[in-house]
Structures are given as structure tokens and as C-alpha cells.
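Below is one structure, written out as C-alpha cells; the observations come after it.
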Amino acid sequence: MIELIPLILTTIITAATPLVIAALGEHVVERSGVLNLGVEGMMIMGASLGFAGAVVLDSSLAGLVIGMAAGMAMAGVFALFALGLATNQVATGLAVTILGLGLAGLIGQSFVGMPRPPIGLISIPVLADIPVLGPALFRQDVVVYLSVVLVVGVAYVLRTTRAGLILRGVGESHGSAHALGLPVLKVRLMAVLFGGLCAGLAGAYLSLVYTRFWSPGMTAGRGWIALALVVFAAGQVWRLVAGAYLFGAIMIAQLHAQAGAIGIPSQLLSMLPYLMTIAALVVLSMAGRRGTGAAGSLGQPFVPDR
Amino acid sequence: MSTAPDPGPVQPLIRCVGITKRFGSLVANDAVELTVLPGEIHALLGENGAGKSTLVKMLYGLMKPDAGHIEWKGRRVDLVNPEAARALGIGMVFQHFSLFDDLSVLENIALGTPGARADAALADRATRVARTYGLDLDLERPVWTLSAGERQRIEIARCLLQEPELIVLDEPTSVLTPQETETLFASLETLRARGAGLLFISHKLEEVRRLCSAATILRGGKVVAHADPRAETAASLARLMVGEGVSDVRAKAAVGSGPAFLVVDRLSVKPEISHGIPLREVSLTVRSGEVVAIAGVAGNGQSELFAALSGEGGMITAGTITLDGADVTRLAIGQRRRLGAAYVPEGRLGHATLPQRSLSDNITLSWHETENVGGWFLSLERLKQAAGAIIHRFDVRGPSTDPRAAQLSGGNLQKYIVGREIERKPRLIIVDQPTWGVDARAAALIRQTLVDIARDGAAVLVITQDLDEAFEISDRIAAICGGVLHTPVATASTTREAVGLKMTSTDRQAEVAA
């Protein structure tokens, strides 16, 4: 049994990493007061274009970068409408998801079934030699390490820097922020693009590292789980990371259940992340109006009066 | 009085030259001239819609003038954004607080201070400024837990931190108790004595006469006069603002002694939201034919009291409410309306009206239970008629015959909402903040209306932050503080100071000693 632990840990980390990255991006977006429901669409565009790019250039790293760019481009479409034209954010986000799913399928059509070699693993000296846990935790691909850097970086920027304070201020009350002369739309544009970058990277990770092939609709609702995670996290980055690993573990358990290794219907496990999000919302709401931790102007279009 | 004061040898801090701003066909500012000298508290007066806010926004770089320019210390400047204004030394204290509810006081201050982070260094600076000007601040608390007075202190401290030479204050006293106002005035006097120029916007003309040494009066976007408020009376200033005589509210009916209509007996209410104010054993009687005012600083239980009296919310844990002898403690708002009650909540848009629906549609909100608004289907004809009657009777001015609620100015919308309730001929009307942010003329009309229907036999309960208003229209007055309602006393036999004192005390016994 003990020799299985590293294997299980590694699969959980691999399953959780795209969730961490995509949810972290959306967390920043929502802190700035924008609700972008297009995560699934941005993610699958990252998966499709990232895979296509990797095949054409024969480089998985280049594929990851192209995936980020694809996610950002979709975020740019969202920003053009939701920020530039102040359209309804929910509708715009849904449109981006639907557009992304279709467009990714079209672009990826000629790449279905092509294999990709695994991406190289990086061992951290000394730490990787720790028995049992060492190889599981400290022999990972570059994106896993990047996700740790992103988590620490985002938490630090949001909490202690002026840029982070401005971002939170813009999200809490865009009216007040505008009155103080803070560039509301510019801050939101940056946040939305960052969110797109993260979603694109998460998608490219799925097709290039996690499954190592492209198939249409392969994100399979992970974008929605990332959105649920942001709600579940209620404004706390640590809760977001904990939730991502928990949901990642549940997804692995669900795969095993599908294979009959666990005696629970796999559908129940598929539901679990959403059920837990609802449960978390109930608990948070009982803590009072402010308990859910959503930004004050979340989802409201902003039009400066000039 | 109608000529601009000679700037004399003193270099003006700021001078607006021919400032013009248009919104579509509306000219909000028409060739406005304004000069503020250092060491001067200058009043900017005008009704709502006279163009004060527009002018101030241009002074702070939030809007660009279509024509004319601004001179800062004799030099022509282009205020492209608030940073540019702040860099010159212009500070602004907003009427509607530009604060961030979920952030701490210190973070709020940091956001308004160029390049600042919410760290110990800023906390030091803020504490020092707060001490210098007698502003009491708890830097760690989130803003949503603070009272209006405390919130305003953040705005002022944030502004002072940048050591501005010109400070614009937009209606700073509208939410303060008399005692808080005194503290504010002392701070402003300190600033003035240090050579700063202040531009003071207020509807309270007595305050302007006390504090300001110069005034510019706007009407319909034009400067109609420059005046020395100390040489004017409140009535003459009001005349300049409005253009014709504003009559004081006509003498109240001295009846006020009909049978008790609304009786609240030791009512305790647990608020719906976690940081609401619980009501503690509130007792109150309003008789037919009298106006009772409840005075208090916002956030002391007024919203909870209104919600309990209207039946809209809050969990009543003890006590009773009766209307004309009938126990309505457990009844919904519609059933209370059937017994003759009418309610005007504080929030004009979103509570009293649906902002994006027409005025006629908005009739149904409070009429559906008691009035004829159609059979199975709404009668749009009937609604339009009713809306037209209210618009006509209360002189509601809008951009079209049946505009959306959000298209009306605050004063016109409030007249419409009050009118909508009065048209139902209620036997009791409860009005929360009847004239908050409403211009002088509309406020006078609304107050007169309330006094008139009391004279005609209705019971009127007014919840207000404006002590002047409470004294002007009420027969009896009660102060509320921290969810405790003091026993109402006859308005004629009390003073502003005595009521002001109760507005800051939750001790019901204190009034006996006082």
C-alpha cells in the first residue's frame, strides 16, 4: 500500500494543477469585480490551440505558451464586449464558453488522435530524495512548479501591494474607485486578460501533460469546477488551493469508481464538487451578508460618466 | 451683491473662467465664474440640478469642461483626471462617500493616497493628521461597520493626508449630528487658519451664514449672484437660489390630539442582517392629526424600525404594533395598507420604485392591495391616469409624460413617491427620510404636504436625519440612538441641543436628568 502513495499523490497533483491555475485566474478576475463565465471556453481553446501549436512546432513548451495566448485572446473577446461595451457579463461569459467549445473543436479536428511525448520532469535536489514523499512532491513538471509560484505571487500581490489593493478596491466599488480616479476599466482589462492566460495555460496542460492527446470537449466541465472553486474559496487563496486539491482528489476517485475500483457510483463523485460548493455557500451565508466574500460590484457593468 | 468680489491683492487659489458643460441638450454649467481665495471658506449654493456637482466634478478632474478653463494660482491648468487635481493640491470630500465597504479604514485611506500602501508608515501619517484635526479613527475596522459620521471622517482624513490647499466639501453635514457638525466646523476653521481655501457646498443656509465669508450662487447652470453670506439672511440666500420666495411651512394645525392611531408597545426586533441594529423595547404612539418626528443619525435603527412598522422585515421578538386598535404585529404590508397605512421608504430607486419602469407602472407597487388598478389584467389606462394626476398635483417634472423612475431627479421622484401614497388617502403615513438629497423647493412642498394631511386628520410619522426638518414640521419629536427610542416630547418645549444630546445616548433615563 505504502508504495502506492507516491503514485496517488502524483495523479492528484496532476489532476489538481489545472484547477488551481484556472481558478486562480478567475479569482483575480472576480476580485476586480468581473464575473467571467467563459472559463470553460478559454480553457478548451488553450487545450486545442496549445496542442496544435505543440504538434506543429514539435515543442510542448511552445504549446503551453500558445495555449496561454489562446486563452488570453478569448478573454480579450470577453473584455471587448463585457468591459468595452458594458454588456451583461453572464451572457457574454456563456457566449465565450459556447464559442470556445465550437471553435476549439474546429481547430483541433485534424489533430485528433495524434500522440505527444510526455513533458520532462524537474527534480528538486535534496528534497526529491526524501523517501516516499520526495519523488511524489518534488519531481514534477514545470507547470506544477509554476502553479505554486502563481499561487504565492497572486496571494502576495493581492494582499500587500498597492496594485493588489487597487484591484480589490475596483472590485469592491467601481463607483468609489472611479471617483478617486483609479482606472477601473484598465484594471479590469488586465485582470480579465490574466484570467484568460491562466485558463489557457490550464487547458494546454490538460492536452499536453495530463492526457497527452486532443479530443473535442476534453475539458469536460473543469472550467465550471474552477468557477465553483472561486465561490467555494470565498475570497481566500488558501481555501482555493485546498479546494482545488480536494476536487482534484475527487476527480481521481471518480475515475477509479468508473473503473469499478471504488464501490460508489461515479456519478455521485462527479456531483460532489458542486454539492460541496453549495454546502460551502450555505455555511458562509449563515455567517452573514458579507460571508460569501464576493466583491461588492461583482458582475455589474461599469460605464464611466465623462 | 451681483458683482464678482474684487480679488484684490490676494492671488486666487483657483479661478473658473467661463466654464461650460453640456449633456445633450441640457446645459449643466453655462459660463460659470468662480474664484476661491486662500484662507477663505467659500460657499457654493444652488438647488439640486443647479449644476453644483457638475462644476465640482470638473474642479476635481472627473469631467472635462466643453468650454472655458480653470486657473490654479493664476496659471491655466488642464485637469485631465483626479490625480492631476490632487497633484496641484486640490482635495475632495464627496457627498456620497467614495468608500470601499469591505476594506479597512487604512486600506480606504491608502486607495485615495497616491502611491500609498496600507502599511505602518501610512498608519502613522493618518494617525498624526487625525490627531491634528481632532478626527477620531480606528484604522483596522472594515468600513461597513462604521456610522455615517465615522465614514465621513475617513473621507476628510484621506483628503487632508495630501495636504491640499483647496478642499471641496460636498454637503458634508447632511448626515451629522449637531455635535459632530461642531467638531467638523472646528476642523475646517483650523484648516482655514492655516491658509487653505475651502469650497463648501450645503443646503443648510444657517450653516453657510455661520461658516462662510463668500458665496457663489448657481441657478439653472448659471451664476446668478456672488454674495457675502454674513450680510444676507437665510431667506435672502434661499431667494437667490430659487429665484422666487420660498415660503416657510405654513403654521401647523394645533389639533394633534385625535385618537391614537399607531401604537407601538415595547417592540423588540432582531435585525435581518448580521450587522443591523436590534430595536430594544421601542414604544411610540402617533395620534390622528399630528406629525411625530424620529430624529437620529443614520444607522441607529431607523431602517429596522421602518421595516418593522411596515411589516417588510426583521424578526419581532417581543411587543406589539396596533393600527387603529387592530393588532398588526404579524401582518404583512398589504394587510397593513388595508387598514389605512402608507409607507415611503428611504431608498427611492429600488425600494420605493423600480428604476427602469415607468412612473405609471410603479403605481402598482403600493396600490395593488387597496386600490383599483384593473381586474384580471392591469389597466394601463387607469395607471396612466393615476400617474398623470400625481404628476400634475405635485408638479413632478420629467423628460417625458411618463418617464422611467430613474430618469427623474431625486426631488421630483420623491415628490412622486410621496404623492403616490397621499393619493391613497392614508390614515397613517410613515416616511423615512422624506427630503434626503432633495432640493429646497421640492423639500418645502413635501413638508407642506405632510403637515397638510396631518391637519386633515391623518397620523404622520417622519423618520429623519435632518433636525431642522424635524423641528419645522413635527408636533412631537423623539430621538433614536443605537436601537433605543427616547420618549417623544412636544417639539415646542424642547431644543435642538437637547434632542441632539439624546441622539447620542442609548440611556432612556438620561433624559429625565437632563
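Protein chains in written order, with my numbering: chain A, 1 to 306; chain B, 1001 to 1514. Every residue gets a Cβ at the ideal spot worked out from N, C-alpha and C, and that includes glycine.
(1) Based on the DSSP secondary-structure assignment, which residues constitute the bridge partners of residue 1341 of chain B?
(2) Would you mind sorting residue 1399 of chain B into buried or exposed? The rule is 16 or more other CB atoms within 10 Å of its CB.
(3) Could you tell me how far apart the beta carbons of residue 1281 of chain B and residue 1319 of chain B are, in whole angstroms, since I believe they sit closer than 8 Å?
(4) Could you list the residues in the segment 1062-1086 of chain B with a C-beta less than 9 Å from some C-beta on chain A, going in chain order?
(5) Measure the beta-carbon distance from residue 1269 of chain B to residue 1285 of chain B and round it to whole angstroms, keeping in mind my assumption that it falls under 8 Å.
(6) Give the straight-line distance between the Cα atoms of residue 1389 of chain B and residue 1118 of chain B, rounded to the nearest whole angstrom.
(7) Between the segment 77-84 of chain A and the segment 207-215 of chain A, are three or more C-beta pairs nearer than 8 Å?
(8) Please state the DSSP three-state secondary structure of residue 1057 of chain B.
(9) When you compare each of A/241, A/182, A/169 and A/209 to residue 307 of chain A by their alpha carbons, which one comes out closest?
(10) Could you check whether the Cβ of residue 1116 of chain B sits closer than 9 Å to any Cβ belonging to chain A?
(11) Between the alpha carbons of residue 1059 of chain B and residue 1028 of chain B, how many angstroms are there, rounded?
(12) Taking 8 Å as the cut-off, does the CB of residue 256 of chain A come closer than this to any heavy atom belonging to the ligand FMN?
(13) Determine the DSSP secondary structure at residue 1035 of chain B, reduced to helix, strand or coil.
(14) Can you list the beta strand (DSSP E) stretches of 3 or more residues lying completely in the segment 1064-1119 of chain B, in chain order?
(15) Taking the continuous beta strand (DSSP E) assigned at residue 1464 of chain B, which residues delimit it?
(16) Whole angstroms are fine: how far does the CA of residue 82 of chain A sit from the CA of residue 302 of chain A?
(17) Please identify the residue among A/174, A/99, A/129 and A/152 whose C-alpha is closest to the C-alpha of residue 71 of chain A.
(18) So, using beta-carbon positions, are residue 1360 of chain B and residue 1387 of chain B closer together than 9 Å?
(19) Hey, is residue 1245 of chain B's beta-carbon within less than 9 Å of any beta-carbon in chain A?
(20) Shorter than 9 Å from the beta carbon of residue 40 of chain A to some beta carbon of chain B?
(21) What residue does the beta strand (DSSP E) around residue 1268 of chain B start on, and which one ends it?
(22) Do you know offhand how far residue 203 of chain A's Cα is from residue 48 of chain A's?
(23) Using a threshold of 9 Å, state whether the C-beta atoms of residue 1308 of chain B and residue 1479 of chain B are closer than that.
(24) Does residue 1099 of chain B have its Cβ less than 9 Å from a Cβ in chain A?
(25) Roughly how many whole angstroms lie between the Cα atoms of residue 51 of chain A and residue 63 of chain A?
(26) At a Cβ cut of 9 Å, what residues of the segment 247-272 of chain A count as close to chain B, listed as they run along the chain?
(27) Start and end of the beta strand (DSSP E) containing residue 82 of chain A?
(28) What's the C-alpha gap between residue 1371 of chain B and residue 1080 of chain B?
(29) Show which residues of chain B have a CB atom less than 9 Å away from the CB atom of residue 161 of chain A.
(30) Once the 5 residues before and after residue 1050 of chain B are set aside, which same chain residues still bring their CB inside 6 Å of it?
(31) In chain A, which residues lie with their C-beta within 9 Å of the C-beta of residue 1139 of chain B?
(32) Determine the burial state of residue 1512 of chain B: buried for a count of at least 16 other Cβ atoms within 10 Å of its Cβ, exposed for fewer.
(33) Just the chain B side, please: which residues come within less than 7 Å of residue 169 of chain A by C-beta, in chain order?
(34) Between which two residues does the beta strand (DSSP E) holding residue 1286 of chain B run?
(35) With distance defined between alpha-carbon atoms, name the residue in B/1226, B/1133, B/1304 and B/1147 nearest to residue 1189 of chain B.
(36) Alpha carbon to alpha carbon, what distance is there between residue 1323 of chain B and residue 1476 of chain B?
Taking the definition as stated:
(1) Bridge partners of residue 1341 of chain B: B/1428.
(2) exposed
(3) 7 Å
(4) 1062, 1063, 1064, 1081, 1082, 1083, 1084, 1085 and 1086
(5) That pair is no contact at about 18 Å.
(6) Their backbone Cα atoms lie some 55 Å apart in a straight line.
(7) no
(8) It is helical.
(9) Only positions 1 to 306 of chain A appear in this structure, which leaves residue 307 of chain A out of reach.
(10) Yes, residue 1116 of chain B counts as interfacial toward chain A.
(11) 14 Å
(12) Among the components modelled here there is no ligand, and therefore nothing to report on the ligand FMN.
(13) strand
(14) 1067-1072, 1075-1077 and 1090-1093
(15) 1459-1464
(16) CA-to-CA, the gap between residue 302 of chain A and residue 82 of chain A works out to about 9 Å.
(17) A/99
(18) By the CB criterion at 9 Å, residue 1360 of chain B and residue 1387 of chain B fall inside the cutoff.
(19) Low confidence applies to residue 1245 of chain B: its pLDDT is 49, below 50, so where it sits in the model is not reliable, and the reading given next is rough at best. Chain A contact via Cβ: absent.
(20) no
(21) 1260-1270
(22) It is roughly 8 Å from the alpha-carbon of residue 203 of chain A to the alpha-carbon of residue 48 of chain A.
(23) no
(24) It does; some Cβ of chain A falls within 9 Å.
(25) 6 Å
(26) If the cut-off is 9 Å between Cβ atoms, the segment 247-272 of chain A has nothing near chain B.
(27) Neither: residue 82 of chain A is in no beta strand (DSSP E) and is coded neither H nor E.
(28) 53 Å
(29) Against chain B, a Cβ distance below 9 Å from residue 161 of chain A picks out 1117.
(30) 1218 and 1219
(31) Result: empty, since nearest Cβ-Cβ is about 14 Å, beyond 9 Å.
(32) Model confidence at residue 1512 of chain B stands at a pLDDT of 43, short of 50, so the residue's coordinates are unreliable and nothing is read from them.
(33) 1100, 1103 and 1111
(34) That run of the beta strand (DSSP E) goes 1279-1287.
(35) Here the closest residue by C-alpha is B/1133.
(36) 19 Å
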